[in-house]
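Only one structure is covered here, and it is reproduced in the block below.
Residue numbers (this note's numbering): -18 to 197.
Here it is in structure tokens:
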């Protein structure tokens, strides 16, 4: 015969692993606890891609979810893309999960670099070079199916391509009627290049970049 029970009912033993190990569990159910130190900066060894990482406010679990859905903050800003690229490379060399970083250019503007004066003869020469490369490619492809004299096929295609390229280049320049007698190359540049990091990793990234900035 069992003894009388208290007014609160029978006592139930706690079987929730999250309350015995101290590590939060996933919503799907208990899993293996994360070893201590897995979420901190331990020379890069603390980052475990694809696993849960303790941290954040109130010890919340930070999953490796879709990167575009995670908020990011600016941790550094540079005047050139090369400096921003060097900062991300510095983080990568020290084991930081760079898949949580991005380089954002602000103040975009177009720069057209003038290379030199363009005349009809230079336009024809430039067109001949482009046509020769195309003719060489076609000649090599046709040479694969040639029964004999594949070299002659390649040279013929190269010559035809150069001639047609020169003609088209000269005609195109003449059609501009002197409105653009120069050659140029265009590119996009930005006034500032910011290095952004997912909010949960921002403090770790700042600590690492302090070493880079301290060396300059």
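Even glycine gets a Cβ: it sits at the ideal position worked out from N, Cα and C.
Please list, in chain order, all residues of the same chain as residue 104 whose beta carbon is under 6 Å from its beta carbon, the five residues on each side excluded. 150, 151, 154
Could you check the C-alpha separation between residue 128 and residue 134 for me, to the nearest Å? 11 Å
Residue 180 and residue 53 - do their beta-carbons sit closer together than 8 Å? yes
If you scan the region 98 to 178 from start to end, which runs of the alpha helix (DSSP H) of 4 or more residues do you find wholly inside it? Listed in chain order, the complete alpha helix (DSSP H) runs (minimum 4 residues) inside the region 98 to 178 are 101 to 124, 131 to 156.
Pair every Cβ in the region 80 to 89 with every Cβ in the region 56 to 72, then say whether three or more of these pairs are closer than 8 Å. They touch, by the three-pair rule.
Whole-angstrom distance between residue 56 and residue 65, CA atom to CA atom: Cα-Cα distance, rounded: 11 Å.
Cα-Cα separation between residue 86 and residue 63, rounded to whole angstroms: 12 Å
Cα-Cα separation between residue 193 and residue 95, rounded to whole angstroms: 36 Å
Could you give the C-beta distance for residue 173 and residue 88, rounded to a whole number, given that I count them as a contact under 8 Å? 6 Å
Counting along the chain, where does the alpha helix (DSSP H) carrying residue 61 start and finish? It is not in any alpha helix (DSSP H) - residue 61 carries neither H nor E in the DSSP assignment.
Option nearest residue 177 by Cα separation, candidates 132, 171, 186: 186
Best match in 125, 126, 157, 118 for proximity to residue 141 [C-alpha to C-alpha]: 118
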